[in-house]
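Trainee: Residue 405 is where the sequence shown starts when you use the numbering used here, and the numbers rise one by one after that.
Just so it is clear, CB atoms sit at the ideal spot from N, CA and C, and this is done for glycine as well.
Have a look at this one before I ask anything.
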Amino acid sequence: MALIRSARPFDAFRALADRRGRPGDKLIGSLAEARAGTRDDPEVWAPAVASRIGLPAAAALGPASYYADLSAPHGDRHVRVCTATACFAAGGGGHLAEVERELGVTAHTASPRGEVSVQTVRCLGYCYAGPAALDGDTPCTGATLPAQLAGREPRRAPEIPAADDTGDPVLLGGVLSGEPAWRVWPRAVTAGTPEEVHREVAASGLRGRGGAGFRVAAKWEAAGRAPGTVVVANGDEGDPGSYADRLLMEADPGRVVEGLALACFACGADRGFVLVRSEYPAASARMREAVRLAYADGHLGPSVHGTDTSLDIHVVEGAGSYVAGEETALIAGLEGGRGCARPRPPYPTEHGLWNAPTVVNNVETLAAVPWIVRRGGRAYAQRGTPDEAGTKLVCLSERFARPGCYEVELGTPVRRLVTELGGGLKDGAGLTVLQVGGPLGGFLAADALDVPLSEAGLSAGGAALGHAGLVAFDERVAPEDVMRHVWEFAAAESCGACSPCRVGSRRGLAWASAGAPPEHEWERLSRLLAEASLCAFGRRIPPAVHSLARACGGRLAGWGP
Numbered sequence: 405m406a407l408i409r410s411a412r413p414f415d416a417f418r419a420l421a422d423r424r425g426r427p428g429d430k431l432i433g434s435l436a437e438a439r440a441g442t443r444d445d446p447e448v449w450a451p452a453v454a455s456r457i458g459l460p461a462a463a464a465l466g467p468a469s470y471y472a473d474l475s476a477p478h479g480d481r482h483v484r485v486c487t488a489t490a491c492f493a494a495g496g497g498g499h500l501a502e503v504e505r506e507l508g509v510t511a512h513t514a515s516p517r518g519e520v521s522v523q524t525v526r527c528l529g530y531c532y533a534g535p536a537a538l539d540g541d542t543p544c545t546g547a548t549l550p551a552q553l554a555g556r557e558p559r560r561a562p563e564i565p566a567a568d569d570t571g572d573p574v575l576l577g578g579v580l581s582g583e584p585a586w587r588v589w590p591r592a593v594t595a596g597t598p599e600e601v602h603r604e605v606a607a608s609g610l611r612g613r614g615g616a617g618f619r620v621a622a623k624w625e626a627a628g629r630a631p632g633t634v635v636v637a638n639g640d641e642g643d644p645g646s647y648a649d650r651l652l653m654e655a656d657p658g659r660v661v662e663g664l665a666l667a668c669f670a671c672g673a674d675r676g677f678v679l680v681r682s683e684y685p686a687a688s689a690r691m692r693e694a695v696r697l698a699y700a701d702g703h704l705g706p707s708v709h710g711t712d713t714s715l716d717i718h719v720v721e722g723a724g725s726y727v728a729g730e731e732t733a734l735i736a737g738l739e740g741g742r743g744c745a746r747p748r749p750p751y752p753t754e755h756g757l758w759n760a761p762t763v764v765n766n767v768e769t770l771a772a773v774p775w776i777v778r779r780g781g782r783a784y785a786q787r788g789t790p791d792e793a794g795t796k797l798v799c800l801s802e803r804f805a806r807p808g809c810y811e812v813e814l815g816t817p818v819r820r821l822v823t824e825l826g827g828g829l830k831d832g833a834g835l836t837v838l839q840v841g842g843p844l845g846g847f848l849a850a851d852a853l854d855v856p857l858s859e860a861g862l863s864a865g866g867a868a869l870g871h872a873g874l875v876a877f878d879e880r881v882a883p884e885d886v887m888r889h890v891w892e893f894a895a896a897e898s899c900g901a902c903s904p905c906r907v908g909s910r911r912g913l914a915w916a917s918a919g920a921p922p923e924h925e926w927e928r929l930s931r932l933l934a935e936a937s938l939c940a941f942g943r944r945i946p947p948a949v950h951s952l953a954r955a956c957g958g959r960l961a962g963w964g965p
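Here's what the structure looks like:
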C-alpha cells in the first residue's frame, strides 16, 4: 500500500496573514512595545496593536494573553524573579517572598501607581549563581538578591564559569581561548558544495542537543533542499538548570551564526532565523551585533563572497513560554501566534514557517557544525560513545562546589561530573537527589550516579539527557517540596493545546499540594499523559515523577510507577 503524503493543513490565521502581507511577523514585537510600562490587561491595549498592522483583535489577544511577558502587568520598573529549579534548590524557594516584601509588590502585580511590578519566570540562565532576578535588563544573583533589589547591597552577576574536559573542545574553543569564528564559511561557500557540508555532518553522527536527540543530517535531508526552505536556530533554552546556549550566544555568537549559515547552505535555504528567549537580553544583543558584523564582513547578504549564494538571517526575541521552544510551537510564535504545539504530521520539514519547509536546530547543535566541517565528520564521530558521538556542554547548578559549564564527551560517568568536575556539594552538604536534563528530564538518587552521560545510559536509569543541566538538591529541601515544584512547573508551563496535559498537570499539582494522589488515580493519569499528550511536554511528566519517587525511596508514597 502506497504511503499517503500528509496534506497541507488549513490554518485560518496563516490564510488571513498571507492575504495581508504576513504582518504577524511584526506582531509579537509590537505587542511587547505596547505592554512595556502598562498595568492594564491585554484586552485594553492589544486590539489597537492588531488594528495598526491590519489584523483582527483576536489575532493580538491570543498571544497577548498567552505569553507570560505580555500577560503580566508592567510597571515603570519591571522585576523578573527566577523561580525555576536551580534557584528553588538554592534556598527552597524562599527568595520570592523576600523580594515581594522588599519591593512591596506581590508576584504578577504592579504597585498602585505603577512604579514597580514583579513577574516570576522559570529560568534566567543564572543557575550557577542563583537565586536570580532581572531588574529591567540588569541581572542580580545570590543569597543577597532581595537586598540587591532594595538597593542595600551592590548588584552581583558573575560571568558563567566554563571549562573543557576533553582536551580538544568542539564548542568552547572560542569561549576559552578566543578561537575566531568564520574560519569555515568563506571556503565552504566559495569552494565547497552543500553536499560536502551535509556529508561531513552525516559522517559525524551529530544529534540535536535541544533534547530530542534527532540525527541532524536526517532532519536536513527531510527538508529536501526544497525552494523556500528556512532554517531556525533555536535559542529558546527553557530547561531550568541549563545555560549552555546562553554562554554560546553571549560569549561566542559568531560561531552560532556561522553554524546557522552552514546549515542554511546544506539545506538550500536563503533565510535563517535566530530565536532568543526574552529572558536572555544580553544574548539577544550579542546575537544581533554578530549578525550585523556578519553582513558587514560579507558573510551574509546577496552574492555572499562573490558567489551565487544569498543568505539573510534575522534575530527574533521570544515572549516568555517554555513550550514555545518545541519546534512546532516555536514556529507558531514566529508567525505571531500563541506558542502552542501543533499535531504532527505534517512535520515542520514539510510544512513549517508559513508552510515552508523548516529545519529547527538548537544553538549548541549549530555551534558544533563549523568544527565538524573543518576537522571532518569522522574526527567528531570518534568522540563520545559508539552510538552517541561527540561532546556535550553540561551545566552544574549553584549547589555544587564548582558550578559552571563543562564540555565533556558523551559517555562520561555522571558520578565524575558530580564529584570531580563539580567537586561535590558546597560546604560538604549531602546530595539527596540530582535532577538531570531539565524539569521533566528525571532524577537520580545519590547512590545511582554510576551511569554514563548519554541518552541511552540516562534512560536506563530513569532520567533523560535533555539539555544536560544538573541541578543538585541537598537535605535542606524536602522530597515533597521537590515533587510539588515539578507539578507547579508542569501546570504553569503547559501550553493548554491538549486536555490530557492541560487538565492532568493541574490535577497533579492539586494532589502534590494535598500530599499524595488518591489510590490508583496517579496510575490512570500517568497512562493518559504518556499516551494522549500532543507533544513531549505532557508525555515526559510521568517519567519525571516516577524517577523522583524512585530516587527518594519511600518518601513519596503513591507517586511510584
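Measure the Cβ-Cβ separation of E641 and H482 and say whether it is below 8 Å.
Mentor: Result no, Cβ atoms of E641 and H482 do not sit closer than 8 Å.
Trainee: Anyone know if the C-beta pair for S930 and C902 falls short of 8 Å?
Mentor: It is not a contact, given that the beta carbons lie outside the stated cut-off.
Trainee: Could you tell me the alpha carbon to alpha carbon distance between C799 and L835, rounded to whole angstroms?
Mentor: If I take the Cα positions, the gap works out to 17 Å.
Trainee: In the DSSP assignment, find the unbroken beta strand (DSSP E) run with D878 in it and report its ends.
Mentor: G873 to D878 is the span of the beta strand (DSSP E), which, as asked, contains D878.
Trainee: In chain order, what residues of the same chain have a beta carbon less than 8 Å from the beta carbon of I408, not counting five sequence neighbours either side?
Mentor: The pLDDT assigned to I408 is 40, lower than 50, so where the model puts this residue is not dependable, and the model offers no usable value.
Trainee: Roughly how many whole angstroms lie between the Cα atoms of V660 and E599?
Mentor: Computed Cα separation, rounded: 21 Å.
Trainee: Which residues in the same chain as G912 place their Cβ atom closer than 8 Å to its Cβ, once the five residues preceding and following it in sequence are excluded?
Mentor: Excluding residues within five positions, the ones whose Cβ falls inside 8 Å are W891, A894, A895, P921, W926, L929, I945 and V949.
Trainee: Looking only at its own chain, which residues have a Cβ that is under 6 Å from the Cβ of S898, when we skip the five neighbours before and after it?
Mentor: Same-chain partners within the cutoff: C905, R906 and S909.
Trainee: From P657, D712, G724 and G676, pick the residue whose C-alpha is nearest to that of V579; which is it?
Mentor: Closest option to V579, Cα to Cα, is P657.
Trainee: How about the region 501 to 508 and the region 814 to 824: do they share at least three Cβ pairs that are nearer than 8 Å?
Mentor: No, they do not touch.
Trainee: Please classify H1018 as buried or exposed, where buried requires at least 16 neighbouring CB atoms within 10 angstroms.
Mentor: Since the displayed the chain opens at 405 and closes at 965, residue 1018 lies outside it and no answer follows.
Trainee: Pull up the CB-CB distance for L474 and R439, whole angstroms please, since I reckon it's below 8 Å.
Mentor: Correct: roughly 5 Å between the Cβ atoms.
Trainee: Just the Cα atoms here: how many angstroms apart are A723 and T442?
Mentor: If you take the alpha carbons of A723 and T442, they lie about 16 Å apart.
Trainee: Could you give the distance in angstroms between the alpha-carbon of A961 and the alpha-carbon of H512?
Mentor: About 34 Å.
Trainee: Going by the DSSP bridge assignment, what does C972 pair with across the sheet?
Mentor: Outside the displayed span of the chain (405 to 965) sits residue 972, for which this structure offers no information.
Trainee: In the DSSP assignment, what are the bridge partners of K796?
Mentor: Answer by DSSP bridge pairing, in chain order: V812.
Trainee: List the residues that DSSP assigns as beta-bridge partners of P817.
Mentor: DSSP, once it has assigned bridges, lists P856 as partnering P817.
Trainee: Give me the Cα-Cα distance between A626 and R675, rounded to the nearest whole angstrom.
Mentor: Going by the C-alpha atoms only, they are around 17 Å apart.
Trainee: Along the beta strand (DSSP E) that carries R675, what are the first and last residues, could you check?
Mentor: Note, R675: beta strand (DSSP E), R675 to V680.
Trainee: What residue range does the beta strand (DSSP E) around G639 cover?
Mentor: Segment V634 to G639, the beta strand (DSSP E) holding G639.
Trainee: Keeping to the same chain, check which residues put their C-beta closer than 8 Å to that of G828; ignore five residues upstream and five downstream.
Mentor: The answer, listed in chain order, is F804, A805, V822 and L835.
Trainee: Check whether the region 544 to 556 touches the region 516 to 535, taking contact to mean three or more Cβ pairs, one atom from each stretch, closer than 8 Å.
Mentor: Touching, yes, given that three or more Cβ pairs across the two stretches are closer than 8 Å.
Trainee: Using alpha carbons as the reference points, say which of G702, L825, A595 and G743 lies closest to D568.
Mentor: Measuring from the Cα of D568, the nearest candidate turns out to be L825.
Trainee: Where H709 and G582 are concerned, what is the direct C-alpha to C-alpha distance, given to the nearest angstrom?
Mentor: Taking the straight line joining both Cα atoms gives about 24 Å.
Trainee: Kindly list the residues whose CB is nearer than 6 Å to the CB of E721, restricted to its own chain and excluding five residues on each side of it in sequence; keep chain order.
Mentor: Cβ neighbours of E721 beyond the five flanking positions: V680, S682 and S688.
Trainee: By how many angstroms is the C-alpha of T597 removed from the C-alpha of A561?
Mentor: Looking at the two C-alpha atoms, the distance is approximately 44 Å.
Trainee: Per DSSP, H718 is paired with what?
Mentor: Answer is F677, bridged to H718.
Trainee: May I ask which residues mark the beginning and end of the alpha helix (DSSP H) holding P543?
Mentor: Unbroken run through P543 is the beta strand (DSSP E), T542 to T545; no alpha helix (DSSP H).
Trainee: In this structure, how does DSSP classify V840 when only helix, strand and coil are distinguished?
Mentor: Of the three classes helix, strand and coil, the one that applies to V840 here is strand, per DSSP.
Trainee: Return the bridge partner residues of G705 from the DSSP annotation.
Mentor: In the DSSP output, where bridge partners are listed per residue, G705 has L715.
Trainee: By alpha-carbon positions, which one of C956, V635, S801 and S608 ends up nearest to D716?
Mentor: Nearest C-alpha to D716: V635.
Trainee: State the beta-bridge partners of G788 as determined by DSSP.
Mentor: Answer by DSSP bridge pairing, in chain order: A793.
Trainee: Could you give the distance in angstroms between the alpha-carbon of G577 and the alpha-carbon of A955?
Mentor: Roughly 36 Å separates the two Cα atoms.
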